[in-house]
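Numbering (the numbering used here), first residue to last: 163 to 281.
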């Protein structure tokens, strides 16, 4: 359930951002699209629109960085399906570190409470 929900939300966010830039050409949507394109090494929603839209040439990475036939919707699917285990392991690792941090901070609080010499 969660493994399919995250890519869908990311694709919806990207599509909304893409449409907002296409309609309003705001600076915030342009900056976000440039970040998406550089991070994912992609350009646009669909391959056909990449080739036909001249408005999006300034927000797509240069030819040296990415292939213009790679669209971001496909890249989002590929990243979240192929690297979902790495993302899950990183999340679990951060959770374990946070639990150890809470345990050590609780031990420190108890030590300070039992021995008032530190205050």
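Glycine included, every Cβ here is placed at the ideal spot set by N, Cα and C.
From a predicted model like this one, the values you see are computed outputs, not experimental measurements.
I'd like the span of the alpha helix (DSSP H) that includes residue i, first residue to last.
{"i": "residue 257", "result": "246-276"}
Using the three-state DSSP reduction, which class does residue i fall into: helix, strand or coil?
{"i": "residue 188", "result": "coil"}
{"i": "residue 178", "result": "helix"}
{"i": "residue 169", "result": "helix"}
{"i": "residue 220", "result": "coil"}
{"i": "residue 234", "result": "helix"}
{"i": "residue 207", "result": "coil"}
When the Cα of residue i is compared with those of the options, which residue comes out closest?
{"i": "residue 234", "options": "257, 196, 254 and 166", "result": "196"}
{"i": "residue 206", "options": "189, 188, 190 and 178", "result": "178"}
Please state whether the Cβ-Cβ distance between residue i and residue j is less than 7 Å.
{"i": "residue 192", "j": "residue 183", "result": "yes"}
{"i": "residue 200", "j": "residue 223", "result": "yes"}
{"i": "residue 204", "j": "residue 237", "result": "yes"}
Using the rule of at least 16 other Cβ atoms within 10 Å of the residue's Cβ for burial, across every protein chain shown, is residue i buried or exposed?
{"i": "residue 198", "result": "buried"}
{"i": "residue 186", "result": "exposed"}
{"i": "residue 167", "result": "exposed"}
{"i": "residue 219", "result": "exposed"}
{"i": "residue 261", "result": "exposed"}
{"i": "residue 202", "result": "buried"}
{"i": "residue 221", "result": "buried"}
{"i": "residue 180", "result": "buried"}
{"i": "residue 176", "result": "buried"}
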